[in-house]
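Counted the way my numbering counts, the sequence shown spans residues 160 to 240.
Idealized CB from N, CA, C, for every residue including glycine.
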Amino acid sequence: MTNIKFSPQEKEQLVDKLQRYFSKELDQELGQFDADFLLDFFSDEMGAYFYNRGLYDAQAILTERLDSISEAIYEIEKPIL
Numbered sequence: 160m161t162n163i164k165f166s167p168q169e170k171e172q173l174v175d176k177l178q179r180y181f182s183k184e185l186d187q188e189l190g191q192f193d194a195d196f197l198l199d200f201f202s203d204e205m206g207a208y209f210y211n212r213g214l215y216d217a218q219a220i221l222t223e224r225l226d227s228i229s230e231a232i233y234e235i236e237k238p239i240l
């Protein structure tokens, strides 16, 4: 897996969310530079866990849909005499 890369707009939004979280929940000021590095740390060190969870969730949905399709096909089978 390659490193998770965000567009400049996405990164700006995520950094803003980190700064607001630190301010609201921890009552600490987190500067732009520090928030940017913290986001990079989370992405590098923990991103794979979130990425993999997304893959597992997508796989579960596909499995459900394929099962549904298999059932629908079975329902329209013609009897063989």
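Taking all protein chains shown into account, do 16 or more other C-beta atoms lie within 10 angstroms of the C-beta of residue i, making it buried, or fewer, making it exposed?
{"i": "A194", "result": "buried"}
Mapping DSSP to helix, strand and coil, what is residue i?
{"i": "D186", "result": "coil"}
{"i": "T161", "result": "coil"}
{"i": "I235", "result": "coil"}
Considering only residues of the same chain and omitting the five flanking positions on each side of residue i, which have a CB-CB separation below 7 Å?
{"i": "E236", "result": "none"}
Would a check of beta-carbon distances place residue i closer than 8 Å to chain C?
{"i": "I239", "result": "As a matter of chain content, chain C is missing from the structure shown, which is built from one protein chain."}
Going by beta carbon distance, what residues of the same chain come within less than 6 Å of residue i, once the five residues before and after it are set aside?
{"i": "I163", "result": "S202, G206"}
Q. Within the chosen definition, does the stretch 180 to 189 reach the stretch 203 to 220 through at least 3 CB pairs nearer than 8 Å?
A. no
Q) So, do the stretch 164 to 178 and the stretch 187 to 201 have three or more beta carbon pairs nearer to each other than 8 Å? A) yes
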